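Colleague:
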Amino acid sequence: MHVVFLPKFALLACWMHELSELLNVEFYGEWLGLVAEFTTKSLLSWQWASNSVYYLLSLWSRLVTSVPYLKGDTPSLLDETVPKITEGFITSRINSVQASFADNSPDPDNPLENAESLQDQLESLPYLCRFKYESCSLFIINIMEPLLQAYTARSRLPASGDAAELSVIEGQIAWMVHIIAAILKIRQTVGCSQDSQELFDAELAARVLQLINITDTGVHAQRYQEISKQRLDRAILIFVQNFRRSYVGDQAMHASKQLYARLSELLGLTDHLVLLNVIVGKIATNLKCYAECEDVIDHTLSLFLELASGYMTGKLLLKLESTKFIIANHSRENFPFLEEYRCVRSRTNFYYILGCLVFMEDGPVKFRSFMEPLLQVAVNLEASADAAFRTDVVKYAFTGLMRDLRGIAMATNSRRTYGLLFDWLYPSRMPLLLRAISLLTDEPEVTTPLLKFMSEFVLNKAQRLTFDSSSPNGILLFREISKLIVAYGSRILLLPNGTNIYRSKYKGIWISLTVLSRALCGNYVNFGVFELYGDRALADALDISLKMTLSIPLSDILTFKKLSKAYYGYMEVLFNNHITINSVLNLDTSTFVHIVTSLESGLKGLDTGISTQCASAIDSLAAFYFNNITAGDNPPSPAALNLARHIGELPSLFPQILKSLFEIIIFEDAGNQWSLSRPILSLIMISEQMFSDLRAQILASQPIDQQQRLSQCFDKLMTDVTRSLEPKNRDRFTQNLTTFRHDFRAK
Numbered sequence: 075m076h077v078v079f080l081p082k083f084a085l086l087a088c089w090m091h092e093l094s095e096l097l098n099v100e101f102y103g104e105w106l107g108l109v110a111e112f113t114t115k116s117l118l119s120w121q122w123a124s125n126s127v128y129y130l131l132s133l134w135s136r137l138v139t140s141v142p143y144l145k146g147d148t149p150s151l152l153d154e155t156v157p158k159i160t161e162g163f164i165t166s167r168i169n170s171v172q173a174s175f176a177d178n179s180p181d182p183d184n185p186l187e188n189a190e191s192l193q194d195q196l197e198s199l200p201y202l203c204r205f206k207y208e209s210c211s212l213f214i215i216n217i218m219e220p221l222l223q224a225y226t227a228r229s230r231l232p233a234s235g236d237a238a239e240l241s242v243i244e245g246q247i248a249w250m251v252h253i254i255a256a257i258l259k260i261r262q263t264v265g266c267s268q269d270s271q272e273l274f275d276a277e278l279a280a281r282v283l284q285l286i287n288i289t290d291t292g293v294h295a296q297r298y299q300e301i302s303k304q305r306l307d308r309a310i311l312i313f314v315q316n317f318r319r320s321y322v323g324d325q326a327m328h329a330s331k332q333l334y335a336r337l338s339e340l341l342g343l344t345d346h347l348v349l350l351n352v353i354v355g356k357i358a359t360n361l362k363c364y365a366e367c368e369d370v371i372d373h374t375l376s377l378f379l380e381l382a383s384g385y386m387t388g389k390l391l392l393k394l395e396s397t398k399f400i401i402a403n404h405s406r407e408n409f410p411f412l413e414e415y416r417c418v419r420s421r422t423n424f425y426y427i428l429g430c431l432v433f434m435e436d437g438p439v440k441f442r443s444f445m446e447p448l449l450q451v452a453v454n455l456e457a458s459a460d461a462a463f464r465t466d467v468v469k470y471a472f473t474g475l476m477r478d479l480r481g482i483a484m485a486t487n488s489r490r491t492y493g494l495l496f497d498w499l500y501p502s503r504m505p506l507l508l509r510a511i512s513l514l515t516d517e518p519e520v521t522t523p524l525l526k527f528m529s530e531f532v533l534n535k536a537q538r539l540t541f542d543s544s545s546p547n548g549i550l551l552f553r554e555i556s557k558l559i560v561a562y563g564s565r566i567l568l569l570p571n572g573t574n575i576y577r578s579k580y581k582g583i584w585i586s587l588t589v590l591s592r593a594l595c596g597n598y599v600n601f602g603v604f605e606l607y608g609d610r611a612l613a614d615a616l617d618i619s620l621k622m623t624l625s626i627p628l629s630d631i632l633t634f635k636k637l638s639k640a641y642y643g644y645m646e647v648l649f650n651n652h653i654t655i656n657s658v659l660n661l662d663t664s665t666f667v668h669i670v671t672s673l674e675s676g677l678k679g680l681d682t683g684i685s686t687q688c689a690s691a692i693d694s695l696a697a698f699y700f701n702n703i704t705a706g707d708n709p710p711s712p713a714a715l716n717l718a719r720h721i722g723e724l725p726s727l728f729p730q731i732l733k734s735l736f737e738i739i740i741f742e743d744a745g746n747q748w749s750l751s752r753p754i755l756s757l758i759m760i761s762e763q764m765f766s767d768l769r770a771q772i773l774a775s776q777p778i779d780q781q782q783r784l785s786q787c788f789d790k791l792m793t794d795v796t797r798s799l800e801p802k803n804r805d806r807f808t809q810n811l812t813t814f815r816h817d818f819r820a821k
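Here the sequence shown stands for residues 75 to 821, where the numbers follow the numbering used here.
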């Protein structure tokens, strides 16, 4: 307990006082010596004092970062103390490997396996290292060199050598790589010039870059299943990410002359392009060799994505032969992780990255060439008999294709790139999707990737779904969406509820609702065409989607977060964009009331986003009633008559919702008051009597001595508000409601 308490106390003392103030304290030198002694002992007792490291290093970090702001000639004594602390930490990490990690088995308490613990230990270290960077970098190099020599020598020995000793070496090198990565993450010029800093950075970076060539040669190339080897490669990936952000990113690559000059002398890496080639080579090697280690694959793809996402680095990647090889040979034969079920989620990220790179270059020829392996998979699936779709081989091939296509769809961010994928998929590949969802509705491991791909494919982000004015593609796309949703929904409703109903039914339903919501509000389909020409695509999609939502108890909708968001998002789109042809109004009154009541439940929930969606849907419904029934001059439409019938059978529906809205505004700290004000005005416009009754009810619930003041608040609420739902009138009411809420809550 004291081990943790003392560093916290010392850190608190430092935070409460600036270093300049501490220097003026008579016993400052004694205090610093005691803290340094305690730090050293704690670092040596790493088995029991691991929780203290964060606080101790934070203390010393705060002290050294205050040095540039010191005034006067009083020595801080940090020049002699901090290097010892830094060296003590590094030495203790190296020693801990020999004692704890030689068993080469997963250990959640091992910082090399626990990213959060590792981050805590290394967060403050860079400031200490850069305080006396020259001596610190020399100390690190003197440790790294013998380790690299030993590791290089082991690569030439037979695989039957001492595996435990090799695991220890890999663990020690992994710690050193993490330390160097942490140092390079933060560029600070305290204690040395910018040029000197780059030279020291180059010296440290060169040791790790040299290591990249060693890790995949000789006996080391046979150890990808070993935990210690995986720890080391994860450390290298983190180093490359930090080094890239500092020296190979779009902003940094032209401002590092000293670094590249030194790297050229040490390793022959003359510029960022040569360095990128080394990095991409490591990426390719990891993707080829780590077929069964999802963690290393994910770290590798994260680095690859960072490189591909930068404008300059992305363009440079396309010049490299290693990148060209990956783009031209993205098959499971070259990258076995694509065949591993445990890495199945990584496929989407992999193809998203490749898609980003392919779409940087114009031309459908390159795109078609890139898609050739996927085309072959699709053709083979299309040739499979219906019975074969139940086999694991076919199911895995199909789900893999869907995940790959989803990644490519995510990479289409323009009309041009989306058009390339659309033309590849429609119309020739769409029957395969419909066939799979019809045959395998009861297989969520198949339907989920398919529906998630469609959810991405129909999303009109960055206005990528913009077709020519004479093109029917938007309508054709929606017809295909309708076929898929109807095929899935009509079958899923017939299946019995499994033990895990969320996995077997609810997940597919909420993704289907997301697909339909995105298509309905994508602004690339003229939905009036369907009714005009007697096409049932829209009506059937709305009908089956409502049946799916009604099959789920409201309690379950509110329980499952993703289902809840999809449900209320769909209802918002339905009420906002399609209320005139809305099959909700054609339902029987009890079902209609159930749906509207679910919107009221969403209003009262804790999720502000869902509350806003519900408010928008209720506003659209109330505004439709006001414009077409209360204030309508023309004969009411069939939809308006249906709504009037529902409200006539349950006249308390709107008053109850208005009451709930006022209770939220008055008694809760809602963060979406603007959104809530919209349906309040629409409901008030429907019936002044409804508002008067609610006003009397609220006032009666308040203390008698407050009722006159609160009555005046209600009077001011409708000041200058006319009987319309014009935008200016809405804005005026919103301003009045803000004042009303403030005055009503005032004591």
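We treat Cβ as the ideally placed atom computed from N, Cα and C, and that holds for glycine.
Since the model is a prediction, treat every value here as computed from it, not as a measurement.
Are the stretch 412–430 and the stretch 369–379 touching by the rule of at least three beta carbon pairs closer than 8 Å?
Modeller: yes
Colleague: Below 8 Å on the Cβ atoms is my contact criterion, and I expect S229 with G292 to pass it. Report the Cβ-Cβ distance as a whole number of Å.
Modeller: 3 Å
Colleague: Is it buried or exposed, G474, if we count other Cβ atoms within 10 angstroms and call 16 or more buried?
Modeller: buried
Colleague: Over what stretch of residues does the alpha helix (DSSP H) that includes H816 continue unbroken?
Modeller: 801–819
Colleague: Can you determine whether any heavy atom of the ligand FAD sits closer than 7 Å to the C-beta of E219, and answer yes or no?
Modeller: In the structure on display, the ligand FAD does not appear, and there are no ligands present to speak of.
Colleague: Could you name each continuous alpha helix (DSSP H) segment of 4 residues or more that falls completely within the stretch 283–334, going from the start of the chain to the end?
Modeller: 301–317
Colleague: Enumerate in chain order the residues of its own chain whose CB-to-CB distance from H652 is below 6 Å, with the five nearest sequence positions on each side excluded.
Modeller: none
Colleague: What residue from G548, S544, M528 has the CA that sits closest to Q537's CA?
Modeller: From the listed residues G548, S544, M528, the smallest Cα separation to Q537 is found for G548.
Colleague: Can you tell me whether DSSP reads E366 as helix, strand or coil?
Modeller: coil
Colleague: Is the Cβ of V242 closer than 8 Å to any Cβ of chain C?
Modeller: Although the question refers to chain C, the structure presented lacks it and comprises just one protein chain.
Colleague: Taking 8 Å as the threshold (C-beta atoms), are I583 and I618 in contact?
Modeller: no
Colleague: In three-state terms, what does DSSP make of I626?
Modeller: If DSSP states are grouped into helix, strand and coil, I626 belongs with coil.
Colleague: Can you tell me where the alpha helix (DSSP H) with M445 in it begins and where it stops?
Modeller: 438–456
Colleague: If you check the beta carbons only, do E530 and R480 fall under 8 Å apart?
Modeller: yes
Colleague: Would you say the stretch 742–753 touches the stretch 783–796, given that touching needs at least three Cβ pairs under 8 Å?
Modeller: no
Colleague: Pick out whichever of C203, G107, S126, I257 has its Cα sitting closest to the Cα of A320.
Modeller: The sequence given here has Ser at residue 320, not Ala. Taking only the C-alpha atoms, the option nearest S320 is I257.
Colleague: Is the separation between the beta-carbon of F472 and that of L455 shorter than 8 Å?
Modeller: yes
Colleague: Please classify E154: does DSSP put it in a helix, a strand, or coil?
Modeller: helix
Colleague: Drop a sphere of 10 angstroms on the beta-carbon of P501, count the other beta-carbons inside from all chains shown, and report buried for 16 or more, exposed for fewer.
Modeller: exposed
Colleague: Can you tell me whether A611 is helix, strand or coil according to DSSP?
Modeller: Looking at A611 - three-state DSSP - the assignment turns out to be helix.
Colleague: Could you give the distance in angstroms between the alpha-carbon of P725 and the alpha-carbon of T491?
Modeller: 52 Å
Colleague: Label K557 either buried or exposed according to how many other C-beta atoms from any shown protein chain fall within 10 Å of its C-beta, with 16 as the threshold for buried.
Modeller: Residue burial is scored here from C-beta neighbours: K557 has at least 16 other C-beta atoms within 10 angstroms and is therefore classed as buried.
Colleague: On the premise that V314 lies in contact with L391, defined as a C-beta separation below 8 Å, what is that separation, rounded to the nearest angstrom?
Modeller: That pair is no contact at about 14 Å.
Colleague: Once the 5 residues before and after T521 are set aside, which same chain residues still bring their CB inside 7 Å of it?
Modeller: I511, L514, T515, Y562, G582
Colleague: Going by DSSP, what residue range makes up the alpha helix (DSSP H) through S529?
Modeller: 518–531
Colleague: Between which two residues does the alpha helix (DSSP H) holding C266 run?
Modeller: No alpha helix (DSSP H) holds C266; DSSP gives it neither H nor E.
Colleague: Here's a check: name, in chain order, each residue in its chain whose Cβ is nearer than 6 Å to the Cβ of R477, leaving out the five neighbours to either side.
Modeller: R421, T422, P523
Colleague: Between the C-alpha atoms of V78 and N125, what's the straight-line distance to the nearest angstrom?
Modeller: Residue placement at V78 cannot be trusted, given a pLDDT of 43 that sits under 50; the coordinates are not used to answer.
Colleague: Going by DSSP, what residue range makes up the alpha helix (DSSP H) through K639?
Modeller: Looking at the DSSP string, the run of the alpha helix (DSSP H) that includes K639 is 635–651.
Colleague: Under 8 Å by Cβ, that's how I've got L539 and Y598 pegged, so tell me the actual separation to the nearest angstrom.
Modeller: 4 Å
Colleague: Determine the direct distance from the alpha carbon of R783 to that of P777, and round the result to whole angstroms.
Modeller: If you draw a straight line from the Cα of P777 to the Cα of R783, it comes to about 11 Å.
Colleague: Quick check on the DSSP output: the alpha helix (DSSP H) that includes L695 runs from which residue to which?
Modeller: 682–699
Colleague: Entirely within the stretch 569–614 and at least 4 residues each: give me those alpha helix (DSSP H) ranges in chain order.
Modeller: 581–594, 602–606
Colleague: So, A713 versus T654, is the Cβ gap smaller than 8 Å?
Modeller: yes
Colleague: Could you check the C-alpha separation between S749 and Q687 for me, to the nearest Å?
Modeller: 9 Å
Colleague: Looking at L186: is its Cβ nearer than 8 Å to the Cβ of R297?
Modeller: no
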